[in-house]
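Asker:
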Amino acid sequence: MIKEKMIQALSELFPDPEPIVEEPVVEAAEDEAADDGKKKKPKKKVEPPRVNGVLERDHAAHGYDIDVQLDPGELLAAVMIIDKAGFFIESITGVDWIKEKQLESVYDFSRYDHDLCRIVVRTRTPRDNPSVPTISKIYPGASWHERETHDFFGIKFEGHPHLIPLLLPEDADFHPLLKDFKP
Amino acid sequence: MDQGSLQVGTQNVPSPLEPIPSSVVQFAAADKLINLGRVNSFWPLTFGIACCAIEMMATGCARFDMSRFGAEVFRPSPRQADLMIVAGTVTKKMMPGIKVLYDQMPEPKWVMALGNCAISGGPFAFEGQYSIVLGADTFLPVDIYIPGCPPRPEALLQGILDLENKVSGWNRWKDPEKA
Amino acid sequence: MNIMDQVNSLLPGFLTADGFAGVADEAAGIVFLIMLATTIIGGIIACNSKRLVRAVAGLALCFVGVAAIYYYLNSPFVAMMQMLIYVGAVCITIAFAIMLAAPEDKVKPGPSGPLSGPLGLITAGLATIGMIGLAVKTVFPVMPKINMGSVQLIGVKLLTNYSMVFELVSIVLLIAILGSLVIARHGRSK
Amino acid sequence: MSGPIHIRKDETFTLNVGPQHPATHGVLRVKMEMDGEYIVKAETVLGYIHRMHELMGENRTYPQVLPNLSRLDYLGAMGYTHGHVLAIERAAGIEVPERAEYIRAIMVELNRISSHLFWFGAFVMDLGGFTPLMYAIQDREHILDLMEAVTGSRLTYCYFRFGGLYNDVDDDFINATRAVIPMLRKSLKKYDALVTGNIIFRKRLEDIGPISAEMCRKYGATGPVARGAGLDFDVRKNEPYSVYPEFDFDIPVYHECDSLARYKVRMDEMEQSLRIIEQGLDKLPDGPIMPKKKPKLIKPPVGDYYQAVETARGSFGIRIVSDGTKNAYRFKLRSPTYSNMSLFDEACEGMMIMDALAMMGSLDLVIPEIDR
Amino acid sequence: MSLLNLHNDLNTYLVLAAILFGMGIYGLVTRKTLVGMLIASELVLVASSINIMAFNRFTAPDPAIGQIFALFIMAIAAAEAAIGLSITIAVYRNYKSVDIEDIVDLQG
Amino acid sequence: MSLTILNAVVAVVAAIAFAAANAAYLVWAERRGAGRIQRRPGPNVNGPLGLLQPPCDGIKLMTKQLMIPGGADKALFMVAPVLAMAPAIMSFVTIPFSETIVAHSMNVGVLMIFAFASLGGMSILLAGWGSRNKYGVMASVRAVSQNISYEVPMLITVITIVMMAGTMNLKELVAAQAGGIWNWNLIPSLSSPLMPVSFLIFFICSLAETNRAPFDLGEAESELVAGFHTEYGSMGFGLFFMGEYANIVIGASLITILFLGGWDCPLGLFPGVWWFLLKIYMLIFSFIWIRWTFPRTTIYGLLNLSWKILIPISLFNLLLTAGLLKVF
Amino acid sequence: MGAYFSEIFLGLKSLAIGLGITFKEFFKPVVTVPYPYKTLKMSDRYRGHIELIENEDGKPKCVACGMCQRACPSGCISLASKSVEYEVEVKGEMKTKKKKVLTKYDLNFTTCSLCGQCVESCGFGAITFSKDYNLASFRKEDFHFDLLNRLKERNA
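First to last, the protein sequences are chains A, B, C, D, E, F and G.
Heads up, the first sequence is in the numbering used here, so the first residue is 2 and it goes up one at a time.
Heads up, the second sequence is in the numbering used here, so the first residue is 523 and it goes up one at a time.
Heads up, the third sequence is in the numbering used here, so the first residue is 5 and it goes up one at a time.
Heads up, the fourth sequence is in the numbering used here, so the first residue is 21 and it goes up one at a time.
Heads up, the fifth sequence is in the numbering used here, so the first residue is 44 and it goes up one at a time.
Heads up, the sixth sequence is in the numbering used here, so the first residue is 142 and it goes up one at a time.
Heads up, the seventh sequence is in the numbering used here, so the first residue is 30 and it goes up one at a time.
1. Would you check if the stretch 88-103 of chain G and the stretch 611-624 of chain B touch, i.e. whether three or more CB-CB distances between them fall below 8 Å?
2. Run through chain F and tell me which residues come within less than 8 Å of residue 193 of chain G, C-beta to C-beta.
3. On the criterion of 16 or more Cβ atoms from any shown chain inside 10 Å, does residue 132 of chain G qualify as buried, or is it exposed?
4. Beta-carbon of residue 433 of chain F versus every beta-carbon of chain D: anything under 9 Å?
5. Residue 162 of chain G touches chain B at which residues, Cβ-Cβ below 7 Å?
6. Looking at the C-beta of residue 82 of chain G, does it have a partner C-beta in chain D at a distance below 9 Å?
7. Any chance the stretch 336-349 of chain D sits against the stretch 81-91 of chain D, with 3 or more Cβ pairs inside 8 Å?
8. Sorted by chain position, which residues of the same chain lie with C-beta nearer than 8 Å to residue 647 of chain B's C-beta, five sequence neighbours on each side aside?
9. Go ahead and label residue 111 of chain E buried or exposed: buried means 16 or more other beta carbons lie within 10 angstroms of its beta carbon, across all protein chains shown.
10. How long is the line joining the alpha carbons of residue 56 of chain E and residue 134 of chain C, rounded to whole angstroms?
11. Check the DSSP bridge columns for residue 59 of chain C and list the partner residues they point to.
12. Where are the alpha helix (DSSP H) runs, 4 residues long or more, that stay fully inside the stretch 328-387 of chain D, in chain order?
13. Can you give the Cα-Cα distance for residue 300 of chain F and residue 400 of chain F, rounded to whole angstroms?
14. Note down, one range per segment and in chain order, each beta strand (DSSP E) of at least 3 residues found wholly within the stretch 88-134 of chain G.
15. What number of angstroms, rounded off, separates the C-alpha of residue 176 of chain D from the C-alpha of residue 111 of chain D?
16. Ignore the nearest five residues each way along the sequence and tell me which others in residue 190 of chain D's own chain have a CB closer than 7 Å to its CB.
17. Answer yes or no: do residue 358 of chain F and residue 283 of chain F have a C-beta to C-beta separation smaller than 9 Å?
18. Can you check whether the C-beta of residue 460 of chain F is within less than 9 Å of a C-beta belonging to chain C?
19. Return the residue from the list F:240, F:259 and F:397 that minimises the CA-CA distance to residue 95 of chain C.
20. Could you spell out where the beta strand (DSSP E) holding residue 108 of chain A opens and where it closes?
21. So is residue 467 of chain F in contact with chain D if we call contact Cβ pairs under 9 Å?
22. At which residues does the beta strand (DSSP E) containing residue 54 of chain D begin and terminate?
23. Within the 9 Å Cβ cut-off, does residue 650 of chain B reach chain A?
24. Using the three-state DSSP reduction, which class does residue 194 of chain F fall into: helix, strand or coil?
25. Measuring only the C-alpha atoms, how far is residue 660 of chain B from residue 69 of chain D?
26. Quick check: the stretch 298-305 of chain D against the stretch 235-253 of chain D, are at least 3 beta-carbon pairs closer than 8 Å?
27. Would the beta-carbon of residue 366 of chain D fall within 9 Å of that of residue 99 of chain D?
28. So what does residue 40 of chain D bridge to, in DSSP terms?
29. Using DSSP with H/G/I as helix, E/B as strand and the rest coil, what is residue 157 of chain A?
30. When the cut-off is 9 Å and only beta carbons count, does residue 385 of chain D lie next to chain F?
31. Could you give the DSSP three-state label for residue 95 of chain D: helix, strand or coil?
32. Under the assumption that residue 270 of chain F contacts residue 68 of chain C (Cβ atoms under 8 Å), give the Cβ distance between them as a whole number of angstroms.
33. Mapping DSSP to helix, strand and coil, what is residue 606 of chain B?
34. Verify the CB distance criterion: does residue 392 of chain D have a CB-CB separation below 9 Å to chain G?
35. Rounded to the nearest angstrom, what separates residue 81 of chain C and residue 630 of chain B at their Cα positions?
36. For residue 133 of chain D, count neighbouring Cβ atoms within 10 angstroms of its own Cβ and tell me buried if that reaches 16, exposed if not.
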């Protein structure tokens, strides 16, 4: 199965002990909560801070299988592994974690064959100087996604050949999806 | 629509109800004839922006058939068009382009705002919106508004009939129920 | 049947007169003058216009006039060939070349600019005046009009007396086509 | 990869296709560096209909975003709304009655056919044939009538609700749909004879606009574009959702990688959608269309959820990052045409402009869906 | 002689041909681009054609010969145009100009 | 002035009127015909059957503002539409509508039509270049290269027919086909068994020469906006339109004269001129029918068709006919 | 050589088939609904702009709870109400009760997206969709509907 193989391959990026973190308790609790109707447990909302590593997720609950968090420096290595395994790039986006003062860029990869496996790669950069290496050399299709993420979040993709606004006007200097954006 | 409604407009732009640029011939009868000629051959600009453009195309097609009124000659070049149908949301990035297209159309020309987005930004006018223009009438002299999201093809046809009436004062068809 | 005959007879009868053949000499003269003017105006545009495309347009105009003049010289066939070849082929080829080779008309004065204009005018003027003088002074033995120019005769002559020249011209044309292809065809290797 | 266009001085010129151009189906602009009729380099400029759906998704509550999804892609609105409701249902754990899922599937497939019909017409119009558009739209009107009778609007339905549907279908709809299906089959045969067999049409598409499987992978192309490149990829089969596993249908795949392959994939898909609709009507169970407890306030638990669905244009993904409130923290829409269009810049290099525009037509663009 | 009878006079044609010839010479001297010179030379050719046709009409016993000559000139002119223009384009490719003064390499 | 000048003037005026009326009402016929093919009525509410639609369009076009785009070559821009219309009208002068109805019967009539048709290419080039629009230039280059390459098979086919009839006079060409439907050039004869193929070639070529779909590359709407008349509005556009339809009438007339026996009546029910008109309008209907059925070809597909299929076949037909004429 | 001619032949055949199809269509009846001379009937569920529904005594059913206002994604509904005291007979004695009465119900139709969430959210069945489908006007202010007024006009 490709899923195990990928977990194996991606874990090698994390030489630290115990790369495969157990699914956090809070997730399981949420799944239960989802199962038994609509009872909310707001006290369980506090998620322990994510550490870098590979996480196996339940596809039925989340829609993806492998969740990788890593430093921007390791991104290219991880993407190369994924590229070699024959994944296609689904999308790139960002999330503004304003409380943690971090910007997260999220990469989705999926497969064309029937061996279902969706990999999510996340990497976080500080909010005041967000910068991530570009993967458009490996996946040319990432070019537009990165430009879009740059538009919306201001994340700089180092090495991108043409990082000008794509969806926003060409002279735009604002990033609308930042949580502190005011038009 | 009588000319009295001239004063009620609230837009900053020059009122769309300005008299049509008159041609060389100034005689009333000739003017009337010219206006009749004009209203019976509105050639729209092929210019679709969003959802409403699909209904515009549906209007041009067999079931509703704009061609009955001589208005099916969709011209891709603004030089040959008489009627600009702004069908869809106007974004700030697109606005200069639309303005250029409008300027390229030869007089006399008319503008139709089709759909809620073109009238006032529609459902996309929300807090935090930075991208769209709140209505085509902020930068174009709109002659007729057709609401809906999107409007039905009949509404577009009704708009053309109303515009014909407005330009020439001639009624193509009187609704027997309203009369 | 009868009705249709009647309708047919209603058609304008004047259309049936066999056209220009009977047109009075005066009308022919007027048309000739117009065509003369067309030719000269076309020529002036062709050699004087700053923009090359206009020059080609002028050349086409000139050729149309020349075609009409050939018509007056009793050779409608050559007149039509003039239109077909010069206007339809040569002018369009030149226009193509302008579009391919000179995307923008350059109106810059060259280094030899100030003198070449007057110089050209003098040379051309001398040549013209000399030739006109020669033409007017010389008395040519004018013979009466023989026929209205027969296409058949041209064909017969081309394939009998002048067949060698005909063949040579076709070879010249063939070589011209091949040569121009060889010269101009390079570049787009995609 | 789309780099900047550096204008070469010799023999090339820049051609601006769009933002208003008949071939772009909306407001898309392609800056083309041309050498005569050949494209040396192309750069797509987007954003002329960028309306910021994602920010709206974060500013509004989950149900309030529902109408937006129909405006995203106005031709296949049902499919996109389906993705949205499935994502929220996955996140908030809402059960959906079986009848509702069946009706959803039927509606999505009907909408897929209407979308493909429109694409077919517009595509042939791009190639200069006008009449097929008229026939296709006339057939589409029948489908729109069916859907209007149920949903109340022609184009932007807003019919799905979290947990179910807005209102139920009745027997009239079922009978009418059963009547329309054979008519559509007949029409498809007519299009085949009128368009697919036509020598001019084939000459314009065969071996034109190659998009290889590897290129699809690198650019993330999905949907008919990928299937035309020999990739057997359809979210309905690869990552089954809703009640699609219950249906028996095939995924048309062509290996030619050219514009004609993409065209044929869509034409075959209509046939398959008709099969799904027939089966759905047969299997349609009785029961409610909303869960017993109608979800009142939707607050998905904290987390990150992704849902992919197969829309008429390809794999549409929706990512919801929830912070447990009634608004989404992050609302990401992964639109299929965005990826499909991104390969256009590379694919059209060295092509003639008319072939490139034919290829653009075969990508089935809906611009508001690219710009979002 | 009446103005309306000009077309029956040989001199008219000869004068016209001379004028066109002069224009052609003028163009050849003053034009600075290859295409312009080509246009001018077409004028010269047409002038000679008119001459031949005029003599054919007014003085020749056999009115076909001049026409055949004119046809030959047309053929030659067409060939000349084709060759000249292909040279122009080739020159343009190499020098990025059709200005004769820029084509210095041909000066030996 | 003598009556003959009046005759000439009237002939030219009649030709212009005929061309203009035809152009206007062919647009109407085209729109109605397209409507029927697409199962909609077309313009039908303006006047009975929508017959007032062309005058309305004409009035509108004539009263629209005249716009000359900035940067355009004014003179060329103004001259081009006239140049598109004038040769078309001139060609009408030599077309015989019946034995008696002809403005001016020339003994090189066929050549004259082709000579004036070649002026059309010039007008397209000037229009495209003069309007200083990239789409216009591209379209005009396309249209002209198409015109030139389709003139070749067309002329070769004409030569075949001229060879058989031994004349270039249009009237005599028709007269050579008189005497019944089996004498028409359309029907294969002993000396020219490939005539139906020739007819097809000529038909295709005249579609291409008149820039009609599926060969309407010059105004390919989905690629080049509106082609060479992108920048033309008001009456300039109207003139191009009229020129196009006048050319269609000429093309149809030429096909009728060369292949369908001109005014020759297969049944003899009514006078020749009506047969002639019937034939050309049937042909025009088939032009319209074809336009609304097929997609557009590509520029290279078009040139391939001409150089690889039409020219070889028409040349072969020419040689075959020449040989067989010697034999029989 | 054989391929050359067979391609020409097959190509011509495909063209002829296409011509045959359009020729057949030529004689089929037109499908056009000639609006305005003839109109389509809107389906029962057709969603036009919203209208208030009156109760038995001609007053709007609306109790001014504001649910529709809150449910509306684009905020095109604005309503106002005032409290009215009214007397009601409860168990034989008159009591004064307070009740909200709708004083204004404005619909800004130009921003409406016709999603139908207002109608769905209304717990009292007080609003419904109208069947107006052919609206057009020279002023956009015409689409700011005062629904109370419209109700009155309808009743009058």
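Here a beta-carbon is modelled for each residue, glycine too, at the ideal position from N, C-alpha and C.
Fair warning: this is a prediction, and the values are worked out from it, not measured in the lab.
Answerer: Walking through what the data contain:
1. no
2. What the structure shows of chain G is the stretch from 30 to 185, and residue 193 of chain G is not part of that stretch, so it cannot be assessed.
3. exposed
4. By this cut-off, residue 433 of chain F is an interface position.
5. Those are 674, 676 and 677, listed as they occur along chain B.
6. The beta carbon of residue 82 of chain G sits no closer than 9 Å to any beta carbon of chain D.
7. yes
8. Close CB contacts of residue 647 of chain B within its chain, under the 8 Å cut and outside five residues either way in sequence, are with 654 and 656 (chain order).
9. buried
10. 15 Å
11. BP columns for residue 59 of chain C are empty, so no partner.
12. 356-362, 364-367 and 373-382
13. 13 Å
14. 106-119
15. Roughly 25 Å separates the two Cα atoms.
16. No residues qualify anywhere along the chain.
17. yes
18. So no, residue 460 of chain F is outside the interface.
19. F:259
20. That run of the beta strand (DSSP E) goes 103-111.
21. no
22. 49-55
23. yes
24. helix
25. 17 Å
26. Segments in contact, no.
27. no
28. D:47
29. strand
30. no
31. coil
32. Taking 8 Å as the upper bound for CB-CB distance, residue 270 of chain F and residue 68 of chain C are not in contact here, some 19 Å apart.
33. In this structure, DSSP gives residue 606 of chain B an extended state, which the three-state scheme calls strand.
34. no
35. 49 Å
36. buried
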